[in-house]
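Visitor: The working numbering puts the last residue of the sequence shown at 1368; the count rises by one with no breaks. My structure is below; once you've seen it, I'll send some questions.
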Amino acid sequence: MTDSFRDPKLSISKVYTKTGDVGKTSLVGGQRVPKFDLQIEAYGTLDELNAFLGATRDCLAEQPSADPLNPILVRIQHELFNLGSILATRPQDMGPQQPRIRPADVERLEQEIDQFNANLAPLRSFVLPGGSALNSHLHICRTVCRRAERVLSALLNQHPEWSNEAWQIGLIYLNRLSDAFFVWSRWVLQQSGQAEHLWQPNISPTKN
1161 MTDSFRDPKL SISKVYTKTG DVGKTSLVGG QRVPKFDLQI EAYGTLDELN AFLGATRDCL
1221 AEQPSADPLN PILVRIQHEL FNLGSILATR PQDMGPQQPR IRPADVERLE QEIDQFNANL
1281 APLRSFVLPG GSALNSHLHI CRTVCRRAER VLSALLNQHP EWSNEAWQIG LIYLNRLSDA
1341 FFVWSRWVLQ QSGQAEHLWQ PNISPTKN
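Below, the structure is given as structure tokens:
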């Protein structure tokens, strides 16, 4: 079992190590795996999502009415690192103090989804992303989050023996998080007073 997460102090003093120059990288337990491994793809996609979240928070400056989202998005950035620590570790190497997603994190997301969705109009069609930079960034976060969920699902299908509680809760968390991004994308448009753009499916012309 790894001791990597038992010490709360973390020091990163060297940016490059040259150990990944041949296309492999190390997991928390020390295993060397190809960089295209699904496990690397899983937590790499979380890293991508976190970067988009940072860009999304930067968009908040353009819409002060959406400020209540900022502390939530900051918290989610931390939670994504917590989930990433699990996905970078084989189940047998997980430590008892290792950061992870917990059921309470999922429950809090569900409460926030309900809170922000309460005053939104029922949808009559699918929503087209866009209308503001903040809306578009939240939709990007939603779709990247969905991809992270798909990769993690594929990884658990490939290694069913890894399906412990921490990984399963992580999968549920990503499912809820993508729903939250969708609700928030609608909410920020409502707060700005802008109308949503709905999908208008092609309709066959009437034949005379």
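We put the beta carbon where it would ideally sit given N, CA and C, even for glycine. Owing to the predicted nature of the structure, the values given are computational and were not obtained by experimental measurement.
(1) Take the Cβ of Gly-1353 as the centre, count every other Cβ of all protein chains shown within 10 Å, and call the residue buried at 16 or more, exposed below.
(2) Helix, strand or coil for Arg-1302, going by three-state DSSP, please let me know.
(3) Suppose you measure from the CA of Ser-1275 to the CA of His-1238; what does that come to, to the nearest Å?
(4) Determine the direct distance from the alpha carbon of Pro-1224 to that of Asn-1317, and round the result to whole angstroms.
(5) Buried or exposed: where does Asp-1181 fall if 16 or more other Cβ atoms within 10 Å of its Cβ makes it buried?
(6) What does a CB cutoff of less than 6 Å around Leu-1280 pick up in its chain, not counting 5 residues either side in sequence?
(7) Determine which residues share a DSSP beta bridge with Val-1287 and list them.
(8) Check whether the Cβ atoms of Ser-1296 and Leu-1358 lie closer than 8 Å to each other.
(9) Between which two residues does the alpha helix (DSSP H) containing Ser-1345 stretch?
(10) Taking its Cβ as the centre, do 16 or more other Cβ atoms sit within 10 Å of Gln-1360, making it buried, or is it exposed?
(11) For Ala-1355, which residues in the same chain have their Cβ closer than 6 Å to its Cβ, ignoring the five residues on either side in sequence?
Guide: Let's see:
(1) The residue you call residue 1353 lines up with position 193 of the sequence shown. Exposed, by the Cβ-count rule.
(2) Locating residue 1302 in the sequence shown gives position 142, where the first residue counts as 1. Reduced to three states, the DSSP call for Arg-1302 is helix.
(3) Position 115 of the sequence shown, counted from the first residue, corresponds to residue 1275. Position 78 of the sequence shown, counted from the first residue, corresponds to residue 1238. The residue asked about is misnamed: residue 1275 is Gln in this sequence, not Ser. Answer to the nearest angstrom: the Cα atoms are 21 Å apart.
(4) The residue you call residue 1317 lines up with position 157 of the sequence shown. The residue you call residue 1224 lines up with position 64 of the sequence shown. Roughly 43 Å between the two C-alpha positions.
(5) On the sequence shown, position 21 is the one that residue 1181 refers to. Since pLDDT at Asp-1181 reaches only 45, below the 50 mark, its modelled position is unreliable, and no value is offered.
(6) Residue 1280 sits at position 120 when you count from the first residue of the sequence shown. So the qualifying residues of the chain are Arg-1346.
(7) Your numbering for residue 1287 matches position 127 in the sequence shown. In DSSP, Val-1287 forms a bridge with Leu-1358.
(8) Your numbering for residue 1296 matches position 136 in the sequence shown. Your numbering for residue 1358 matches position 198 in the sequence shown. When the beta-carbon positions are compared, Ser-1296 and Leu-1358 stay at least 8 Å from each other.
(9) The sequence position of residue 1345 within the sequence shown is 185, counting from 1. Note, Ser-1345: alpha helix (DSSP H), 1325–1352.
(10) Indexing the sequence shown from 1 puts residue 1360 at position 200. Exposed, by the Cβ-count rule.
(11) On the sequence shown, residue 1355 is found 195 positions in, with the first residue counted as 1. So no residue of the chain qualifies.
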